[in-house]
Amino acid sequence: MREDGGRVTDQAEQPEPSVPELLAARRAKLDRLREQGVDPFPHAFGGVTPIGDVLPVWDHLEAGEETGHAYRVAGRLAARRGQGKMAFLDLVDRSGRLQLQARVDVLGEEPMARLLELDLGDLLGVDGEIFRSRRGELTLRVTQATVLAKSLRPPPDKHHGLTDVETRFRRRELDLMANEDARRTFITRARVIREVRGYLDEQGFIEVETPILQPLYGGALARPFVTHHNALDRDLYLRIATELYLKRCIVGGLERVYELGKDFRNEGISFKHNPEFTMVEWYEAYADYEDAMARTEAVVARVADACGYDGELDFSPPWKRVTLRDAIAERTGIDVLEHRDQAALAAAIAASDRVDLPTADRTWPQLVDDLLSHHVEPNVTDPVFLIDYPKELSPFAKDHRSEPGLVERFEAFCSGMEIANAFTELNDPDEQRRRFDAQARLAGEGDEEAQPYDEVFVQALEQGMPPTGGVGLGIDRLVMLMTGKRSIREIVLFPAMRD
RNA sequence: GCCCCUGUAGCUCAACUGGCAGAGCAGCGGACUCUUAAUCCGAAGGUUCCAGGUUCGAUUCCUGGCGGGGGCACCA
47 MREDGGRVTD
57 QAEQPEPSVP
67 ELLAARRAKL
77 DRLREQGVDP
87 FPHAFGGVTP
97 IGDVLPVWDH
107 LEAGEETGHA
117 YRVAGRLAAR
127 RGQGKMAFLD
137 LVDRSGRLQL
147 QARVDVLGEE
157 PMARLLELDL
167 GDLLGVDGEI
177 FRSRRGELTL
187 RVTQATVLAK
197 SLRPPPDKHH
207 GLTDVETRFR
217 RRELDLMANE
227 DARRTFITRA
237 RVIREVRGYL
247 DEQGFIEVET
257 PILQPLYGGA
267 LARPFVTHHN
277 ALDRDLYLRI
287 ATELYLKRCI
297 VGGLERVYEL
307 GKDFRNEGIS
317 FKHNPEFTMV
327 EWYEAYADYE
337 DAMARTEAVV
347 ARVADACGYD
357 GELDFSPPWK
367 RVTLRDAIAE
377 RTGIDVLEHR
387 DQAALAAAIA
397 ASDRVDLPTA
407 DRTWPQLVDD
417 LLSHHVEPNV
427 TDPVFLIDYP
437 KELSPFAKDH
447 RSEPGLVERF
457 EAFCSGMEIA
467 NAFTELNDPD
477 EQRRRFDAQA
487 RLAGEGDEEA
497 QPYDEVFVQA
507 LEQGMPPTGG
517 VGLGIDRLVM
527 LMTGKRSIRE
537 IVLFPAMRD
C-alpha cells in the first residue's frame with residue numbers, strides 16, 4: 047500500500063483501497079447482513095468463557111466423545127474448512143484457538159449459510175456444545191452464532207502469518223492478530239511490570255507519579271526532547287529520568303518510593319534504544335548501593351521466575367560483583383586507575399595490542415566508558431554487577447567510602463546490555479553544587495549531555511536527605527531478556543518509526 | 001550522520017546472463033457431513049516502492065529519492 051514517493055499510506059490519508067475487489071466483497075457481505083436484519087456491530091456479548099479456560103477441562107476426552115456441555119466463546123474467525131452441509135472453523139481469542147463445527151442439521155439452512163458467508167477476520171460470538179472430533183480435535187458444535195463485528199479488510203495470511211517487519215511494527219494490530227508469539231510477548235511484558243510492582247509494593251515502597259513535563263531535565267546524561275507550554279510561554283522538557291523528583295520525595299520523608307513509567311531521550315534508535323522507553327526507579331532511605339544490588343537481584347529473579355524463564359541465563363542471586371577497574375583490566379590488560387589522566391590512559395590504549403580505540407578528543411572518563419562499552423559490555427552473558435565507577439561520569443553518586451576518585455555506583459549488565467544503574471545517592475548539598483558546577487563547565491565546553499544546574503534540587507538536599515540507595519532498572523531490556531527478543535522493537539507495542 | 005543489505009498480487013514467496021511477471025494462501029463462482037496449511041474444478045487478481053538513465057527491450061544494470069533491516073557512532 048504505497049503512494050507517491052514510495053511513502054506508506056497511513057490512516058490520516060484518504061483510505062483509497064488498493065484492493066478494491068477484496069474490500070468490495072466484504073462490504074457487499076456487510077450490506078447483506080444489514081438487509082437480513084442482522085446488526086453487524088452489536089454493542090456487547092456477555093457471558094463469554096476464554097478459550098484457554100475451556101481447553102484444559104476436556105483434555106481427557108476421547109476422540110468421538112460427546113459431553114453435552116455448553117459454552118459461549120468469542121473471538122476472531124481464523125480459518126474455515128469445508129463449505130457444504132458441514133464445515134469446521136477456527137476461532138481465536140487472546141487465550142487460544144478452538145475449532146468450531148457448523149452443521150446444517152443443527153443450525154438450519156439459513157443460519158448455516160450466514161455462518162459460512164462470514165469472512166476470515168470477522169469477530170464472532172458462538173454458543174455450542176463441546177465434543178472431541180473423530181480425528182481427536184476438541185471442537186464446539188455451534189448451536190448459535192452471532193456476528194460481533196464485521197471485518198472490512200483482509201487479515202494476514204492464515205498460515206504464514208505476518209513476517210514483514212515494517213508492517214509488523216507499523217500495524218501492530220495485524221501482528222497481534224496473526225502471530226501468537228507477538229501476543230505472548232506483550233502478555234509477558236505485562237507480567238514483568240506486574241512483578242516489579244508486586245515486589246516493590248510488598249517491600250513497602252510507595253508508587254508515585256512525578257512530572258513528565260519538566261522545567262529542567264536531569265538525573266541522567268542524555269539529550270532531552272523540548273516542548274512548549276503556550277499559557278506559560280516557556281519551554282519544557284520531557285523527562286530523561288525521574289531521579290531528582292524521587293529524591294525530593296525521599297527528602298519529604300516518604301522513605302521508600304518508586305516510579306514506573308516512560309522516560310524520553312532524544313538520541314539514536316537501535317536494537318536496544320527507543321526514544322521513549324520504560325524505566326522503574328526506586329529510592330530507599332537508610333540504604334546504600336549494596337542494598338540496591340540485593341534488591342535488583344531479587345526483583346529480576348522474581349520476574350524471571352514469574353515469567354517461567356527457561357533460557358540460558360542464570361538470574362538467581364547472588365550475581366557476580368566485579369569492580370569496573372578489574373572488569374576492564376581482565377578484558378584489556380589496562381588498569382584505568384593506574385592511568386588516571388587522559389594522556390596516560392590514551393598512551394596505555396595506544397600501547398595495547400588488545401585494544402583498538404580512537405583516543406583523540408576523548409576525555410578520561412569517556413575513554414573509560416569506551417573500554418567498558420567495547421570490551422566488557424558485549425562479552426557479558428549472565429547478569430553481573432560492575433561496581434565503583436569514576437566520579438567524573440556520575441554527578442549524583444556519593445563518593446566511595448574507601449576508594450578516592452570513585453563513587454559508590456553499580457551498573458548491572460546482562461546478555462551484552464546494561465539493564466540497571468544505581469548509586470549510594472549523593473546527599474551532601476555542597477558536594478552536589480560542586481558536581482553541578484563541573485557539569486556546567488562541561489556544558490560550556492559544548493557537552494550536550496551535561497546536567498543543567500538544578501537549584502531547587504540542591505535546596506531540597508539542604509533540607510537534609512537521609513542516606514539513600516537508588517536504582518534505575520530498564521523495563522524494556524528486562525522484557526527483552528525474559529522473552530529472548532533481540533530487538534527492543536519486538537517488545538514495544540508501537541516503536542518509533544520514520545514517517 | 002556514515003557503511004552494507006533490502007523493497008514483486010491483500011499475505012508468504014518465485015522469476016537463470018537483461019527477453020511476454022508466476023505459485024500457494026486469502027478473495028470470487030462451483031462440489032463436498034470429521035476437516036485442521038482440508039481437498040477438487042473454474043475464473044479473476046500487478047504503476048514489480050518512486051523519479052530519471054543505459055538499452056531494440058529493465059523486476060533484473062546505473063544514478064538519485066523514499067521506506068525497512070543490520071552495522072558504526074551516540075546512548076540506557
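Once you know that position 250 of the first sequence is 296 in the working numbering, the rest is easy, because the numbers rise by one and skip nothing.
Every residue gets a Cβ at the ideal spot worked out from N, C-alpha and C, and that includes glycine.
For residue i, the nearest candidate out of the options (CA to CA)
| i | options | result |
| --- | --- | --- |
| residue 254 | 290, 456, 397 and 372 | 290 |
| residue 115 | 177, 130, 140 and 407 | 177 |
| residue 112 | 175, 129, 162 and 105 | 175 |
| residue 204 | 132, 454, 220 and 192 | 220 |
| residue 399 | 390, 190 and 377 | 377 |
| residue 259 | 272, 268, 247 and 266 | 272 |
| residue 465 | 224, 527 and 200 | 527 |
| residue 463 | 445, 448, 452 and 520 | 520 |
| residue 337 | 311, 364 and 121 | 364 |
| residue 206 | 525, 125 and 501 | 125 |
| residue 537 | 421, 319 and 392 | 319 |
| residue 292 | 506, 74 and 529 | 506 |
Sheet register partners of residue i (DSSP bridge)
| i | result |
| --- | --- |
| residue 323 | 309 |
| residue 467 | 457 and 518 |
| residue 328 | 304 and 517 |
| residue 175 | 116 and 187 |
| residue 420 | The partner list for residue 420 (beta bridge, DSSP) is empty, contrary to what the question assumes. |
| residue 211 | DSSP, once it has assigned bridges, lists no residue as partnering residue 211. |
| residue 490 | Looking at the DSSP assignment, residue 490 forms no beta bridge with any residue, so it has no partner. |
| residue 369 | 433 |
| residue 316 | 319 |
| residue 485 | Answer is none; residue 485 lacks a bridge partner. |
| residue 134 | 127 and 147 |
Exposed unless 16 or more other CB atoms sit within 10 angstroms - verdict on residue i
| i | result |
| --- | --- |
| residue 60 | Confidence at residue 60 is low in this model, with a pLDDT of 33, below 50, so its placement is unreliable and the value that follows should be read with caution. Result: exposed. |
| residue 437 | buried |
| residue 470 | buried |
| residue 53 | Low per-residue confidence applies at residue 53: pLDDT is 32, beneath 50, and the placement is therefore not dependable enough to give any value. |
| residue 276 | exposed |
| residue 532 | exposed |
| residue 231 | buried |
| residue 482 | buried |
| residue 168 | buried |
| residue 360 | exposed |
| residue 217 | buried |
| residue 476 | exposed |
| residue 540 | exposed |
| residue 93 | exposed |
heavy atom of the ligand GDP below 6 Å from residue i C-beta
| i | result |
| --- | --- |
| residue 102 | Ligands displayed in this structure: none; no statement on the ligand GDP is therefore possible. |
C-beta contact flag for residue i and residue j at 7 Å
| i | j | result |
| --- | --- | --- |
| residue 509 | residue 297 | yes |
| residue 607 | residue 489 | Examination of residue 607 is not possible in this model, given that the chain is present from 47 through 545 alone. |
| residue 367 | residue 433 | yes |
| residue 87 | residue 195 | yes |
| residue 496 | residue 321 | no |
| residue 132 | residue 149 | yes |
| residue 324 | residue 288 | no |
| residue 146 | residue 153 | no |
| residue 294 | residue 309 | no |
| residue 269 | residue 327 | no |
| residue 170 | residue 123 | yes |
| residue 118 | residue 173 | yes |
| residue 121 | residue 138 | yes |
| residue 441 | residue 388 | no |
| residue 202 | residue 224 | yes |
| residue 264 | residue 445 | no |
| residue 525 | residue 84 | no |
Residues near residue i by beta carbon distance below 6 Å, same chain, minus five either side
| i | result |
| --- | --- |
| residue 302 | 250, 251 and 330 |
| residue 51 | Any reading at residue 51 must be qualified, since the residue scores a pLDDT of 32, below 50, and its modelled position is unreliable; no value is offered. |
| residue 62 | Note on residue 62: pLDDT 38, under 50, position unreliable in the model; the coordinate value appears next. Counting only Cβ-Cβ distances below 6 Å, and skipping sequence neighbours, we find nothing. |
| residue 281 | 272 and 274 |
| residue 72 | 165 and 198 |
| residue 411 | 436, 438 and 439 |
| residue 311 | 268 and 286 |
| residue 58 | In this predicted model, residue 58 has a pLDDT of only 31, less than 50, meaning its place in the structure is not dependable; the value taken from the coordinates is given anyway. Cβ within range, chain order: n/a, list empty. |
| residue 392 | 405 |
Chain-order list of residues whose beta-carbon lies under 8 Å from that of residue i (same chain, five-residue window excluded)
| i | result |
| --- | --- |
| residue 416 | 403 and 408 |
| residue 101 | 142, 144 and 184 |
| residue 222 | 228, 229 and 232 |
Close Cβ partners of residue i (< 7 Å) along its chain, the five nearest in sequence each way excluded
| i | result |
| --- | --- |
| residue 418 | 370 and 374 |
| residue 424 | 462 |
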